[in-house]
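Reading through the structure tokens given below for one structure.
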Amino acid sequence: PLTLTLTLTSAHKHELPCKHLTLYYHDILFNGTNQANATSTLISNSAPLGSFNFSNFVVFDDPVTSDRLLTSPPVARAQGFYFYDMKTDFNAWFAFTLVFNSGKYKGTINIMGADIIGQKARDLSVVGGTGDFFMARGITTLRTDAFQGWAYFRLRMDVKLYECY
Amino acid sequence: PLTLTLTLTSAHKHELPCKHLTLYYHDILFNGTNQANATSTLISNSAPLGSFNFSNFVVFDDPVTSDRLLTSPPVARAQGFYFYDMKTDFNAWFAFTLVFNSGKYKGTINIMGADIIGQKARDLSVVGGTGDFFMARGITTLRTDAFQGWAYFRLRMDVKLYECY
Amino acid sequence: PLTLTLTLTSAHKHELPCKHLTLYYHDILFNGTNQANATSTLISNSAPLGSFNFSNFVVFDDPVTSDRLLTSPPVARAQGFYFYDMKTDFNAWFAFTLVFNSGKYKGTINIMGADIIGQKARDLSVVGGTGDFFMARGITTLRTDAFQGWAYFRLRMDVKLYECY
């Protein structure tokens, strides 16, 4: 293989992604009685710091669809966690894996970053991938698409890869 | 330094890794009485969602050896966490650091991703490294090598780096 | 875009970072009564394994300043978590996002890795970034700059990016 000494400095900032997936993430928190429908569950039981759930920590195995309908066949699962982390507003932090196992894609995309809920669109990092997404890097933009308190929320995810192998 | 505008698109998918380490990870969960031997401990105490430990969250400082023997001298520590996240089967999610501090290697490798236990081999992402593994990226393949319920489990880890500096 | 088959092998190890930020991270743990000042909170309530807090898991929204003073105007927030993970000494693991939203920088830097507290300087991985730090990669070196038990600690962070877009 070639061996180069170089610094990647001007590559992708204003370029189009080499791959762009638009997906919808659906989260239904376990409330003690909805075991059949719940897709996530709280693991912390400390008293929150402030009035915006700071300390609530949730692990999830959430369906991901290509349209907004919770009832559509999932194209992936999102497996990971989020927690709330602000005293003065709703604000969260996510790390998770998109697990694809369909005819179209097999593989995973790994994502982490702050979910600054007060912003309409917030960017997390795609830090790696496997299978069809081998070594992927990029950005995932989250937008809240529906919010029904603890009962249900839906995020639109735009997964934009800028390094594709 | 050179400044290039390029998209990495065809590099490594079918190439050999620039580095390949085969390691074994040993986990002994704290059960309240095995403090001398335990290498990990549960931090959540919520009731699981379903019958497969969904919500159980474990932090660990596990020995990593180059052969299968728990009693072999560790070549690294694995420090991080896993949690179970599925209602219908055992399934987990990991993030951790391999910490090397031996004659052979000094430095760390950072790993995260889904551990889809139902698959024989599952790939996580190597998202970074330090020291001898400065800026590493790649894939870590996990295989369950021994499983004795809560008492002990062992994973074979094949750490394959495709970007080496 | 160009399509190259190459292996990055000799790039940055001995080169200067393309960007270097020196920052200070301030953490004040919630103790049940300091809600006005606290910036982080414990989410686990399991008994620690051993005498060094192994199992204590903390989520935070911490101010980050460009000098050592807690009272200086923050240049970023650090949002994420750490936990202790060793039986025989204080040792921790971090994952977090530096959130910049000032005149100088807008965007985020995502960081994870082991905080081997027994070492004077310890390196974590910068695994991604967004906005002004789009697709960043590198190393963050942590040094304990002040430690007052649970009440307050301060870390010096040297964020060194070796891939800048």
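Chains as they are written, first to last, in my numbering: chain D, -4 to 160; chain H, -4 to 160; chain G, -4 to 160. Even for Gly, the Cβ is constructed at its ideal location relative to N, Cα and C.
Those residues which DSSP pairs with residue i across a bridge
i, result
"Ala73 of chain D", "D:Asp57 and D:Leu93"
"Leu156 of chain H", "H:Lys14 and H:Gly133"
"Ile104 of chain H", "H:Leu93 and H:Gly124"
"Ala78 of chain H", "Reading off the sequence, residue 78 of chain H comes out as Phe, not Ala. DSSP lists H:Phe52 and H:Trp88 as partners of Phe78 of chain H."
"Ala141 of chain D", "D:Arg149"
"Ala109 of chain D", "D:Trp88"
Residue i in three-state terms, based on DSSP
i, result
"Glu163 of chain H", "For residue 163 of chain H there is no data in the structure shown, the boundaries of chain H being -4 and 160."
"Phe128 of chain H", "coil"
"Thr85 of chain G", "Looking at the sequence itself, residue 85 of chain G is Phe, so the reference to Thr does not match. It is coil, neither helix nor strand."
"Gln30 of chain G", "coil"
"Ile38 of chain D", "coil"
"Leu44 of chain G", "coil"
"Arg63 of chain D", "coil"
Interface flag, residue i vs chain H, CB-CB below 8 Å
i, result
"Trp145 of chain G", "no"
"Gly75 of chain G", "no"
"Val154 of chain D", "no"
"Asp140 of chain D", "no"
Below-8 Å beta-carbon distance, residue i vs any chain G residue
i, result
"Ala90 of chain H", "yes"
"Ile38 of chain H", "yes"
"Ile112 of chain D", "no"
"Ala33 of chain H", "yes"
"Phe78 of chain D", "yes"
"Phe25 of chain H", "yes"
"Ser46 of chain D", "no"
"Val161 of chain H", "Because chain H is modelled from -4 through 160, residue 161 of chain H falls outside the range shown and cannot be assessed."
"Ser50 of chain D", "yes"
"Val94 of chain H", "yes"
"Ser67 of chain D", "no"
"Tyr157 of chain D", "yes"
"Met81 of chain D", "yes"
Proximity test, Cβ basis, 8 Å: residue i and chain D
i, result
"Val54 of chain G", "yes"
"Thr28 of chain G", "no"
"Tyr160 of chain H", "no"
**Request:** Could you list the residues in the segment 96 to 109 of chain H with a C-beta less than 7 Å from some C-beta on chain D, going in chain order?
**Result:** Correct list: Met107, Gly108 and Ala109.
**Request:** Taking a Cβ distance cut-off of 9 Å, strictly less, list which residues of the segment 117 to 133 of chain D are near chain G, in chain order.
**Result:** Taking 9 Å as the cut-off between beta carbons, the residues of the segment 117 to 133 of chain D near chain G are Arg117, Asp118, Leu119, Ser120, Val121, Val122, Gly123, Arg132 and Gly133, in sequence order.
**Message:** Quick test of the definition: if touching needs 3 or more C-beta pairs under 8 Å, does the segment 53 to 70 of chain D touch the segment 50 to 58 of chain G?
**Reply:** Result no; under three Cβ-Cβ pairs closer than 8 Å.
**Request:** Would you be able to state if there are at least three C-beta pairs under 8 Å between the segment 65 to 85 of chain H and the segment 115 to 124 of chain H?
**Result:** Contact between the segment 115 to 124 of chain H and the segment 65 to 85 of chain H is absent, because fewer than three Cβ pairs lie under 8 Å.
**Request:** Inspect the CB distances between the segment 16 to 30 of chain H and the segment 140 to 156 of chain H and report whether three or more fall short of 8 Å.
**Result:** The answer is yes - the segment 140 to 156 of chain H touches the segment 16 to 30 of chain H, with three or more Cβ pairs under 8 Å.
**Request:** Could you tell me whether the segment 79 to 86 of chain D touches the segment 40 to 48 of chain D, using the rule of 3 or more Cβ pairs below 8 Å?
**Result:** By the criterion of at least three beta-carbon pairs nearer than 8 Å, the segment 79 to 86 of chain D is in contact with the segment 40 to 48 of chain D.
**Request:** Take every Cβ of the segment 36 to 45 of chain D, pair it with every Cβ of the segment 31 to 38 of chain G, and state whether three or more of those distances are shorter than 8 Å.
**Result:** Because the criterion of three Cβ pairs below 8 Å is met, the segment 36 to 45 of chain D and the segment 31 to 38 of chain G touch.
**Message:** With three or more beta-carbon pairs closer than 8 Å as the criterion, would you say the segment 91 to 104 of chain D touches the segment 121 to 128 of chain D?
**Reply:** Pairwise C-beta distances place the segment 91 to 104 of chain D in contact with the segment 121 to 128 of chain D, as three or more of them are shorter than 8 Å.
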